[in-house]
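Residue numbers (this note's numbering): 211 to 774.
Please read the structure below before turning to the comments.
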């Protein structure tokens, strides 16, 4: 073709445009074809630690556990919190301060890794402090060091901790982030224990009241009932109705082998040691002789439903004949406890009673003995215990008339008020702290803690569901259904009593309590008579009241009692 001229063919502009469009479309198809398939992220509501304001049917497993829950129910009065899968607290470290374990501290250890895995948090550190030092060290940190993010502490200290402004109010958190089934928390705890000055400062951790326990293989043996009748001239009640009856039973069963195991057995297991929880045990008795019931249920007045101070003058009520009678009875019971019991705190009491080291016919404790008795590693009394509210008294001192009223009197007592969890105002990650304490208080978590006695959690019922889910006590705790019902009915009876006596919760409470502890210890040691100890205690309480300001203490005391 040399020398030949080749003519170029003209290309239409419209064809060029069409080709470009086709190329772009093909490129787009190739691009989208290579993308990973789109995964739809569906917002989910999480039961731990938030709640859902709607009727739901849900089945969920808490990460790292075998807890599975399926339910259909309407959850009300909490906020809707929708979250997408993620790690909202990536890298966060929290520090929790509480009593030396295992009791109370154990659940924090048990659940912290679950929470960290779920939220991305780095660590939850636990600072354990002996009970006798707990208040002092918590207050020192809140005032100076500012190292604790969360404190788990007795509700009695609310006056100093909440009233002192050291922890953050939780009302806004509850409204915006929700709280797990708020209405499931019993009103006594929800409305009284968690609040101060009309604001909520804590989440529930433990519900508390004392129960009377007895060995059925002692009190319910007919041979022993007949011998008791021969000695004392009356047949005792089951459960015993009065402390006078308890005293006689403790004496009767003291010092012989009534359970036929070849060892000497004793009458009663009690907390007597200075620096432990002894003051609550004294109040168990003294209140029965001192507190006239309100004429209208739940309606406190000057002479009725009051134990600690006069509601008009702030005069201590610890020199009354009723209080002194309580001190006398307390010392009397020590005679029928095992040797060395004057050095027993609640730990020795609980484990000794359930392990039969040694056997005691009667005991008083928070609800912990109930859950520990099903622990096969230490318990030798499973299915051998009875449970009831505290005994009353055969007489009560009428302060208005200045005379004894010879009739049966029984006072329910919310001993200790339970343990609660608050967030320090110095916490750098309060949302993470709130999330963690909500998880600990969630029904999916706390039902295990209150039922599983072998773990020594120290947590007792405070939700309606704790009383109603007897299936959980059987499956998680190893209870028989009948025993679980008897145990839960005894606790619930205290919580639902409108006249139940609450603990002292005003500023200086630990100081008032320490003075009471000293007075008791001197009576037990024989260095003071009950009358002299009561007079000394009266002076100490006046001094403490004056230190904090009598007018302010009276105002706060009346607020504590729900009085204007």
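Even for Gly, the Cβ is constructed at its ideal location relative to N, Cα and C.
Query                                                                                                   : Result
Segment contact flag, the stretch 700–710 with the stretch 506–518, C-beta cutoff 8 Å, min 3 pairs      : yes
Where residue 401 falls: helix, strand or coil (DSSP)                                                   : helix
Pair within 8 Å by beta-carbon distance, residue 566 and residue 605                                    : no
Whole-angstrom distance between residue 616 and residue 664, CA atom to CA atom                         : 44 Å
Range of the contiguous alpha helix (DSSP H) that encloses residue 518                                  : First-last for residue 518: undefined, no H or E at that position.
Counterpart residues of residue 639 in DSSP-defined beta bridges                                        : None; residue 639 has no bridge partner.
Proximity to residue 762 [Cα-Cα], best of 417, 369 and 337                                              : 369
With 16 other Cβ atoms within 10 Å as the buried cut-off, status of residue 392                         : buried
Separation of residue 384 from residue 239, as counted between CA atoms                                 : For residue 239, the predicted model reports a pLDDT of 48, less than 50, meaning its position is unreliable and no value from the coordinates is stated.
Between the CA atoms of residue 740 and residue 538 - distance to the nearest angstrom                  : 6 Å
Proximity to residue 561 [Cα-Cα], best of 301, 312, 308 and 307                                         : 312
Continuous beta strand (DSSP E) stretch holding residue 608: start and end                              : 606–608
Assumed close pair residue 629, residue 364 - CB separation to whole angstroms, cut-off 8 Å             : 6 Å
Exposure label - residue 466; buried when at least 16 CB within 10 Å                                    : exposed
Residues sharing a beta bridge with residue 304, DSSP                                                   : 334
Residue 577 beta carbon less than 8 Å from that of residue 701                                          : yes
Contacting residues, own chain, Cβ-Cβ under 8 Å from residue 347 (five flanking each side not counted)  : 307 and 339
Reduced DSSP secondary structure (H/G/I, E/B, other) of residue 758                                     : helix
With 16 other Cβ atoms within 10 Å as the buried cut-off, status of residue 715                         : buried
Whether residue 526 touches residue 515 by CB criterion (8 Å)                                           : no
Proximity below 8 Å, CB of residue 579 to CB of residue 768                                             : no
Local Cβ density within 10 Å of residue 757, reported as buried at 16 or more and exposed below that    : exposed
Residue 595 to residue 625 span [Cα, whole Å]                                                           : 21 Å
Span of the alpha helix (DSSP H) around residue 653                                                     : 653–661
Span separating the alpha-carbon of residue 535 from that of residue 609                                : 14 Å
Same chain only: Cβ atoms within 6 Å of residue 406, ignoring 5 sequence neighbours per side            : 368, 372 and 373
Contiguous alpha helix (DSSP H) assignments of at least 4 residues, all confined to the stretch 415–483 : 426–429, 432–442 and 453–462
Length of the line joining the Cα atoms of residue 264 and residue 382                                  : Note that residue 264 scores 38 on pLDDT, short of 50, meaning its location in the model is unreliable; the coordinates nonetheless yield the value given after this. The alpha-carbon atoms of residue 264 and residue 382 are separated by roughly 20 Å.
Sheet register partners of residue 615 (DSSP bridge)                                                    : 606
Nearest neighbour of residue 357, chosen from 639, 686 and 693 [CA to CA]                               : 639
Integer Cβ distance of residue 571 from residue 428, believed to fall under 8 Å                         : 4 Å
CA-to-CA distance, residue 621 to residue 672, given in whole angstroms                                 : 20 Å
Cα-Cα separation between residue 738 and residue 541, rounded to whole angstroms                        : 11 Å
Check whether residue 335 and residue 303 have beta carbons under 8 Å apart                             : yes
Range covered by the beta strand (DSSP E) that runs through residue 361                                 : 360–364
Residue 294 versus residue 574 - alpha carbon distance                                                  : For residue 294, the predicted structure reports a pLDDT of 44, less than 50, and the residue's modelled location is therefore unreliable. A value from the coordinates is still provided. Each residue's alpha carbon lies about 48 Å from the other.
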